[in-house]
Amino acid sequence: MEVAADRYVYLAVALLMAGGLFTLVVERNLIKKLIGLILFQAAIFLFFVAGAAEDGATIPVVDPDRGVDVAYIDPLPHLLVLTALVVGASVVGVAAALLLRVQRAYGTLDDAELSNLTSADPVEGDAADQRGPAPALPPELLSRRSARALRERNSSGEGDPVAGADEHRGGP
Amino acid sequence: MTSTASALPALLPLVAIAAAVAATAVGWRWPHGARWVAVGAMSVVTALAGVGLVRTLDDGALTHPLGGWAAPLGVEYVLDPFSALIALVVGVIGTLVVLYPAPLGLGGAPAPRVPVHALVLLLVAGLLAVVVAGDLFHLFVGLEIYSIASYALVALGGPAAALASFRYLLFGTVASSLYLFGVGFVYFSTGALDMSIAADRLVDWVGTPVLATAAALMVTGLAVKMAVFPLHVWLPDAHSQAPPAVAALLAAVQVKVAAYALMRVLFDVVPPEQLDLIPLLELLTWFGVAGVVVGSVMAVRQRDIKRMLAHSTVAGLGYIAIGIGLANPLALTGAILHILGHAVMKSAMFLAVGGVLGATGAKALANWRGLGPRMPWTMAGFTIAAVSMVGLPPTIGFLSKWFLITGALDADAPVVAIVIAAASVLTLVYLLRVVEAIWFGEPRDEATAEATEPGRGVVAPVVGLAAATILLGLLGATLVDRVVTPIARDLMG
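In structure tokens form, the structure reads like this:
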């Protein structure tokens, strides 16, 4: 029981991690999944700060009256948490931008609906509906032979596409 | 291993970061200027990595204490032959990706105020920071830098790509957090974050739950980043939705850097006695086997070329996981060769896909019929890369699988060797289908029939990389003797 009383912080860490992970997996709304992720990261930050704490220790600043021979808490884990906080903030920013894009394109942020909507996109499926409009390559991206062949084909009007392909079959 | 002080390890990520800032600034008004900044920076990085590889093979590791503060107070950058080799791979593939035409490869022509090339440079900077990190926490920072850049880069592929990128973000951030959690365990037990100091002090902790947990957390986090089965589920969506050159960078380089980090932590930080006590390496081997099988089977079932290549990447990473898990010099040689070879092969294939998408818009395999005679150089490059993926001599694919199989037999794991060979047959199935359709099929529609060879910007990288797979295979003996075996021995010793 003393163990639990001493280490209640780690219990909180475990609960936060579990709660965050659960939210991330179970919730259907993407923003709630993001919140779960933030909770999960917060648990890990709490772990670092708790690990640095010490009973009866003072802040890691030298007090001229007391000298340097005192117990002070370890400042390094706090610095690690600061860095990780910055990283976490950047991740949340990128995630929010991604969600904005998804919301504008599909009108919903529900995971199940989005799965339906994106699997309706012709990504896998039959050849017939595989085709997007073939983007015309801008001239500077065509090789010289291809550009010449295209010019000839356009100037000579409708050519048989297969025969047109035969024209430059003779080599690369 | 002796180590010399040098600025080289720090220069690698620094050049990339500085160039990212410069590319954003230049790209604000002149987007094409940003591209040339990127090309220049990537060339410098590649040259530095090459110099670093030669120097470290001859003289031993190079270290650089950041800001002059040596460990344990400060953070050290360490470049040893393994780091230099991975940095070289990052540099070469990165240079080819920024040389590749942006409309085809990066999801659109570069526009003013849209820092696409800066994002690529940030990705490279993060990868290099992981590669030279001599400090566990700095590795986390590098991990997150490249992950954030890759979330943004994947989303360039469109709204469906933004959704895939969000799911990838959730997975990837949980993974990095797990790794950080493990680093916390290491710090609170040993008081050190520097890899070599922590490795020394961790020897006292062998057999304790603390070290077992720390190792498990760090390995799990890095295994997600490396897409080891069953933590690979983010990869097919993310890589198939990303624009082709981004997918090339991600599949060829990014997951390999995660594999590098995994090897560093497993072999240079966790004491070997601990690895005998916990079945971590056996798990890695068997999950690698599962990844190879599942990846290959799923690839056979795909009808979209990018998804097929993405599942094939899962299989490729399975091979590397097998090599790491078997943990004998032969298997590690195979793993490192596969890192090299798969990087070259997969990027060749993705860049070829980019060319095809630009010429015909075809993503379904059925619409690749008959492309061969119409785009001979691109398709020849794709075919050679496919031959290497199957593992036929004299390509590098054959060499890496050879070492993996002999490593498996050396470790008394004949089942693993059989699986590797069987998976090569599966690879043959899904790739031979494509190759046969390309060269011997009839075009299904006009867009394919009218397809023409893309310009030099596409053909040159594809053909160059394909030639490299053969060249690396032919130079295999020298490569293994002079470069890879010393690396494998250092990792094991």
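Protein chains in written order, with the working numbering: chain A, 2 to 173; chain B, 214 to 706. Idealized CB from N, CA, C, for every residue including glycine. All of these numbers come straight from a predicted model, not from anything done at the bench.
Check                                                                                                                            : Outcome
Partner residues on chain B for proline 65 of chain A, Cβ-Cβ distance less than 7 Å                                              : Residues of chain B passing the Cβ test: none, with the nearest at roughly 23 Å.
Chain-ordered chain A contacts of tyrosine 313 of chain B [CB-CB under 9 Å]                                                      : Under the 9 Å cutoff, chain A gives no residues; its nearest Cβ is about 11 Å from tyrosine 313 of chain B.
Cβ of glycine 508 of chain B within 8 Å of any chain A Cβ                                                                        : no
DSSP beta-bridge partners of tyrosine 290 of chain B                                                                             : B:His277, B:Ala346
Cross-strand partners of asparagine 30 of chain A (DSSP beta bridge)                                                             : A:Asp111
Nearest-angstrom Cα separation, counted from alanine 634 of chain B out to glycine 689 of chain B                                : 20 Å
Cα-Cα separation between glycine 567 of chain B and arginine 414 of chain B, rounded to whole angstroms                          : 49 Å
Positions along the stretch 91-107 of chain A whose CB lies within less than 7 Å of some CB in chain B                           : Ser91, Val92, Val95, Ala96, Leu99, Leu100, Arg102, Val103, Ala106, Tyr107
The stretch 31-57 of chain A: positions lying closer than 7 Å to chain B by Cβ                                                   : Leu31, Lys34, Leu38, Phe41, Gln42, Ile45, Phe48, Phe49, Gly52
Leucine 312 of chain B Cβ short of 7 Å to the ligand COA heavy atom set                                                          : Judged by which ligands are present, the structure shown has none, so any question about the ligand COA falls away.
Short CB-CB distance (under 8 Å) between threonine 119 of chain A and chain B                                                    : yes
Interfacial residues, the stretch 350-374 of chain B to chain A, with Cβ spacing under 7 Å                                       : Phe350, Val354, Glu357, Ile361, Tyr364, Ala365, Ala368, Pro372, Ala373
Helix, strand or coil at proline 667 of chain B according to DSSP, with G and I counted as helix                                 : strand
Interface positions of the stretch 385-396 of chain B facing chain A (Cβ-Cβ less than 9 Å), listed along the chain               : Gly385, Thr386, Val387, Ser389, Ser390, Leu391, Leu393, Phe394, Val396
C-beta atoms of alanine 564 of chain B and tyrosine 313 of chain B nearer than 8 Å                                               : Rather than alanine, the amino acid found at residue 564 of chain B in this sequence is leucine. Yes, Cβ-Cβ distance for leucine 564 of chain B and tyrosine 313 of chain B is below 8 Å.
Beta-ladder partner(s) of glycine 52 of chain A, from DSSP                                                                       : Its beta-bridge partners do not exist; DSSP assigns none.
Limits of the unbroken alpha helix (DSSP H) element including phenylalanine 401 of chain B                                       : 372-403
Own chain partners of leucine 266 of chain B with C-beta closer than 7 Å, once the 5 adjacent residues on each side are dropped  : Pro294, Ala297, Leu298, Leu301
Test: tyrosine 9 of chain A CB closer than 8 Å to a CB of chain B                                                                : no
Per DSSP, cross-strand counterpart(s) of tyrosine 364 of chain B                                                                 : Partner(s): none; tyrosine 364 of chain B has no beta bridge.
Length of the line joining the Cα atoms of serine 219 of chain B and aspartate 481 of chain B                                    : 21 Å
Where leucine 115 of chain A meets chain B, residues with beta-carbon distance less than 7 Å                                     : Leu376
C-beta contact flag for methionine 588 of chain B and alanine 474 of chain B at 8 Å                                              : no
Proximal chain A residues relative to leucine 401 of chain B, where beta-carbon distance stays under 7 Å                         : Residue identity check: residue 401 of chain B is phenylalanine in the sequence provided, not leucine. Those are Gly52, listed as they occur along chain A.
Threonine 59 of chain A - DSSP class collapsed to helix/strand/coil                                                              : strand
Candidates B:Pro422, B:Leu356, B:Thr386, B:Glu649: closest to glutamine 487 of chain B by CA position                            : B:Pro422
Assigned secondary structure, aspartate 64 of chain A (DSSP; H/G/I helix, E/B strand, else coil)                                 : strand
Supposed contact pair leucine 545 of chain B and glycine 531 of chain B - C-beta distance, whole angstroms, cut 8 Å              : With a Cβ gap of about 16 Å, glycine 531 of chain B and leucine 545 of chain B do not count as contacting.
CA nearest to the CA of leucine 319 of chain B, picked from B:Met476, B:Ala465, B:Ala365                                         : B:Ala365
Cβ separation of phenylalanine 48 of chain A and valine 14 of chain A, assumed to be a contact under 8 Å, to the nearest whole Å : 5 Å
Closest by C-alpha distance to aspartate 348 of chain B, when choosing among A:Leu81, A:Gly68, A:Tyr9, A:Ala98                   : A:Leu81
Neighbourhood of leucine 317 of chain B by C-beta, 6 Å cutoff - its chain only, sequence neighbours within 5 removed             : Gly567, Gly571
Identity of the residue in B:Leu340, B:Val437, B:Thr403, B:Leu341 nearest threonine 386 of chain B by Cα                         : B:Val437
For valine 252 of chain B and valine 228 of chain B, believed in contact at Cβ under 8 Å, the rounded distance                   : Actually they are not in contact, since the Cβ atoms of valine 228 of chain B and valine 252 of chain B sit about 13 Å apart, beyond 8 Å.
Straight-line Cα distance separating asparagine 541 of chain B from leucine 393 of chain B                                       : 28 Å
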